[in-house]
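Everything below concerns the one structure shown next.
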Amino acid sequence: MREPSPEALRAAASGAEPPMPALEVLSAHKTYPNGTIALQPVELTVQEGEFITLLGPSGCGKSTLLKMVAGLLPPTDGRLLLWRKPVQQLDETGRRMAFVFQSPTLMPWATVAANVRLPLDLAGVPRAQAEQRVQDALALVGLARFAAALPRNLSGGMQMRVSIARSLVVQPQLLLMDEPFGALDEITRHKLDAELLSLWREKKLTVIFVTHSIHEAVFLSTRVVMMAARPGRIVEEITIDEPYPRTPDFMVTPRFAQYARQLQDSLLRASQDTEEAL
Ligand code: ADP
Ligand code: MG
C-alpha cells in the first residue's frame with residue numbers, strides 16, 4: 002500500500018477532503034500536420050476549485066492547450082487527465098465540462114432560450130426539465146427577462162452572457178474560456194469579470210481562462226500560467242495570493258499594482274524569448 006501524502010494526512014486530520022486534481026497535463030505536446038510545433042511538452046496540474054489563467058503572446062499555444070483539455074484536439078503525444086481519467090473518458094467520471102469561445106456563436110434565427118437550450122436538446126433532455134434549467138441558467142447571468150429575444154437585438158455583452166448561460170446549462174464543474182471577453186469594451190468586460198467570479202464561487206467551478214489582459218488575469222485568478230511562443234511552452238506560474246471576494250476596490254490597491262507589474266515583467270520576458278526564437 003502507498004503511504005498517504007503529508008497533504009492527505011493533514012486533510013484527514015482536519016476532516017477536509019484532500020484536494021482532487023481536476024486536470025493533469027502530463028508531457029502533452031502538439032505538432033500540427035503542417036509541421037508547426039504549437040506546444041512543447043507541457044506539465045500542468047489544476048486542482049478542483051482553482052481559477053487558472055493562461056497568459057502569453059499570440060501563437061504561444063493557449064488555444065491549442067485549451068482544445069486538447071476539451072478533447073477537441075488530440076495531443077501528438079502525452080496525456081491529459083480530467084479527474085484522473087483520460088479526457089475521452091470524461092463521461093465515466095460523471096463530471097461535466099463546458100467551453101466558451103471568444104465569439105458567442107449564437108444561432109441568429111433562434112430565441113435566447115432556444116440558443117441556451119441547444120446542448121440539452123442535443124443530449125435528449127426532456128423538454129420540461131430543459132426549460133427549467135434554461136430559466137435557471139438565464140437567471141444566473143441576469144437575462145431572465147430576455148428569454149424570448151433574438152440575439153441580434155442584444156448588445157455584445159448580453160450576447161456573451163447568453164453564451165455563458167449556454168455553457169452553464171449543462172451544469173459543468175470545469176469551465177474552459179478562450180478569450181471570452183476579448184471583443185467587449187472595458188466597462189462591460191469588468192462587469193462580466195465580476196459576475197464570472199461570483200458564479201465561480203457560488204457554483205464551486207474550476208475555471209481555465211485565456212486572456213491577453215494582465216489586469217483581468219490579476220483580478221480573476223488564483224494562479225496565472227505564463228506561456229511563450231515558437232515553440233509554445235509554459236515558462237512561469239504566478240500565484241495571486243489574495244482573498245475572495247475580490248471587488249473592484251482590489252484593482253486600485255498597491256498589491257494589485259505589484260501583481261500587475263510582476264505579470265508585465267514576466268510577459269515581457271516571455272515575449273523576448275519568443276522574438277529570440279524567431
Ligand atoms: P494562441 O491561442 O496562444 O494564440 P494557438 O494555440 O492558436 O496560439 O497557436 C499556436 C501555434 O500553432 C501558432 O503558431 C499557430 O499559428 C499554430 N496553429 C494553430 N492552429 C493551427 C492549425 N490548425 N494548423 C497549423 N498551425 C496551427
Ligand atoms: Mg488563441
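Counting along the sequence shown from 1, when you hit position 135 you're at 136 in our numbering, and nothing is skipped either side. Where is the CB? At the ideal position from N, CA and C, for every residue including glycine.
In this structure, ligand 2 has a non-hydrogen atom nearer than 7 Å to the beta-carbon of S64. Approximately 21 Å separates the beta-carbon atoms of V211 and S28; this is outside 8 Å, ruling out the contact. Bounds of any beta strand (DSSP E) do not take in S222, whose DSSP letter is neither H nor E. Placement of the Cβ of S59 at a distance of less than 7 Å from at least one heavy atom of ligand 1 is found. About 5 Å separates the Cβ atoms of E238 and V226, confirming a contact at the 8 Å cut-off. The residue from F52, K31, Q48 and P19 with its alpha-carbon nearest to that of L200 is F52.
For D179, the CB falls within less than 7 Å of some heavy atom of ligand 2. Under the Cβ criterion (8 Å, minimum of three pairs), the stretch 163-178 counts as touching the stretch 98-114. Shown here, S28 sits in a strand according to DSSP, grouped into three states. CA-to-CA, the gap between D122 and V43 works out to about 36 Å. When the beta-carbon positions are compared, R146 and V135 stay at least 8 Å from each other. Assignment of T54 by DSSP, reduced to helix, strand and coil, places it in the strand class.
Rounded to whole angstroms, the Cβ separation of L141 and T112 is 18 Å, and the two are not in contact under 8 Å. It is roughly 20 Å from the alpha-carbon of K68 to the alpha-carbon of G50.
DSSP, reduced to helix, strand and coil, places Q48 within a strand of the structure shown.
Minimum Cα-Cα distance from H30 among the listed residues C61, Q48 and A195 corresponds to C61. With distances taken between CA atoms, H216 lies nearest to T54 out of Q172, E25, T54 and T32.
As computed with DSSP, D78 is found in a beta bridge with H30.
Here E243 carries a coil assignment [DSSP, helix/strand/coil].
Here DSSP, grouped into helix, strand and coil, assigns V211 to strand.
Apart from sequence neighbours up to five positions away, the residues of its chain that approach D274 with a beta-carbon distance below 6 Å are A229, ordered along the chain. Residue range L175 to D179 is occupied by the beta strand (DSSP E) that includes D179. Here P20 carries a coil assignment [DSSP, helix/strand/coil]. R234 carries a strand assignment under DSSP once its states are collapsed to helix, strand and coil.
The Cβ-Cβ distance between Y245 and L198 falls below 8 Å. For V170, the closest C-alpha among the options V70, L268, T254 and A124 is that of A124. Rounded to the nearest angstrom, the gap between the Cα atoms of T77 and D92 is 23 Å. DSSP places L197 in the helix class (H, G or I) of the three-state scheme. Judged by DSSP secondary structure, M98 falls within the beta strand (DSSP E) whose first and last residues are M98 to V101.
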